[in-house]
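First the structure, in the form of C-alpha cells, and then the observations on it.
Residue numbers (the numbering used here): 219 to 467.
Here is the structure:
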C-alpha cells in the first residue's frame, strides 16, 4: 500500500464516527445541500418543537395529584406515647406533625432530558426572520395561529406581486382579490404536504376555484399557474429556513 493510500485510509477512519451534524457545520462554501441533510434538519426541528408535549391523562390519573398525604382525622395532634399510671402523655421531644403543603409528594421535572438536548434547536428557530420562523412554527410546530398564517400569506403575496410585475401583466381588482384568497389556501396546503403528516388534510384545486367563485375553464386559464407558483414559493421558503437552521446549529 502506497503512502497516499495509507493517508486516505487514516482520514476515512477519523471521519467514520462523525455524524450529519459535523458535515452540516464543516461543509465547504458553495457546496450543494443534499436532500438527506435537509431531511435530517427537518426531523430535528419536528422533534425539538414537539418533544415537550405531555401525554393525555385519564380522569382517574388527573385526580392523582389531589390525593391526601395522610388519612388521620387530627393530623396536627401529637401522639400520646408515654404512659404514666393510667394516663397517656405526649413527649416533649416529639415533633409536631404538619401536613405536606405540596400538591403532590412527587414533583414533576421542570424540563425533560429531551427538551434540554433540543434547546439549541429551539433557540435557532426563534432567531430566524419573521417569515421563516412563522413557517417553521406553522408547518412543523403545530402552531397554526392567526399571526403565523398571515405572515406566510404576506410572504406568498409579495412573491406573487413581484411575479406579476416582472411579467408586465395588469390584472383586475377582482382577480387581485382572488389571488389574495388563494394565498391562504396555498399556505395551508403547503404546510400540510411539506410537513409529511400521515393524516394531512389538503384542499383540492376544485375547492379553491369554488372559494374564489370561478369556473373550471377560467381556473385553468387564469389561476392554475399562479396556484402552482404559490406552492413553489412555500417550498422555497421551507428550504431557505431549514438551510439557515443548519448554519446556526
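The beta carbon of each residue, even a glycine, is placed where N, CA and C say it ideally should be.
Three-state secondary structure (DSSP) of residue i
| i | result |
| --- | --- |
| residue 397 | helix |
| residue 346 | coil |
| residue 449 | helix |
| residue 247 | With a pLDDT of only 47 at residue 247, under the threshold of 50, the placement of this residue in the model should not be trusted; the figure read from the coordinates follows. Residue 247: coil per DSSP, three-state reduction. |
| residue 307 | strand |
| residue 240 | Only weak support exists for where residue 240 lies, its pLDDT of 43 falling under 50; the value from the coordinates is given anyway. Of the three classes helix, strand and coil, the one that applies to residue 240 here is helix, per DSSP. |
| residue 438 | helix |
| residue 336 | coil |
| residue 360 | coil |
| residue 413 | coil |
| residue 404 | helix |
| residue 459 | helix |
| residue 370 | helix |
| residue 296 | coil |
Contact under 9 Å by Cβ, residue i with residue j
| i | j | result |
| --- | --- | --- |
| residue 374 | residue 451 | yes |
| residue 427 | residue 418 | no |
| residue 348 | residue 376 | no |
| residue 434 | residue 424 | yes |
Supposed close pair residue i, residue j - CB separation, criterion 8 Å
| i | j | result |
| --- | --- | --- |
| residue 447 | residue 381 | 6 Å |
| residue 455 | residue 353 | 5 Å |
| residue 411 | residue 263 | Not a contact, Cβ separation roughly 16 Å. |
| residue 458 | residue 350 | 7 Å |
| residue 359 | residue 460 | No, residue 359 and residue 460 are not in contact; Cβ-Cβ is about 13 Å, not under 8 Å. |
| residue 265 | residue 336 | 6 Å |
Limits of the unbroken alpha helix (DSSP H) element including residue i
| i | result |
| --- | --- |
| residue 259 | 253-268 |
| residue 387 | From DSSP, residue 387 is part of no alpha helix (DSSP H); its letter is neither H nor E. |
| residue 428 | 423-430 |
Contacts around residue i, its chain only, beta-carbon distance under 6 Å, and the 5 residues preceding and following it disregarded
| i | result |
| --- | --- |
| residue 466 | 342 |
| residue 416 | none |
| residue 238 | Note that residue 238 scores a pLDDT of 43, beneath 50, so its modelled location is shaky and nothing firm can be said. |
| residue 403 | 421, 426 |
7 Å CB neighbourhood of residue i in its chain, flanking five on each side removed
| i | result |
| --- | --- |
| residue 362 | 356 |
| residue 413 | 357, 358 |
| residue 309 | 299, 300 |
Beta-carbon contacts of residue i that lie in its chain and below 8 Å, excluding the five residues immediately before and after
| i | result |
| --- | --- |
| residue 378 | 397, 401, 444, 447, 448, 451 |
| residue 440 | 393, 432 |
| residue 333 | 269, 270 |
| residue 244 | Annotation note: pLDDT 47 at residue 244 (below 50); position unreliable, coordinate value reported separately. So no residue of the chain qualifies. |
| residue 399 | 429, 430 |
CB contact check: residue i to chain B, cutoff 9 Å
| i | result |
| --- | --- |
| residue 329 | No chain B appears in the structure shown, which is made up of a single protein chain. |
Run of the beta strand (DSSP E) containing residue i, from where it starts to where it stops
| i | result |
| --- | --- |
| residue 301 | 300-302 |
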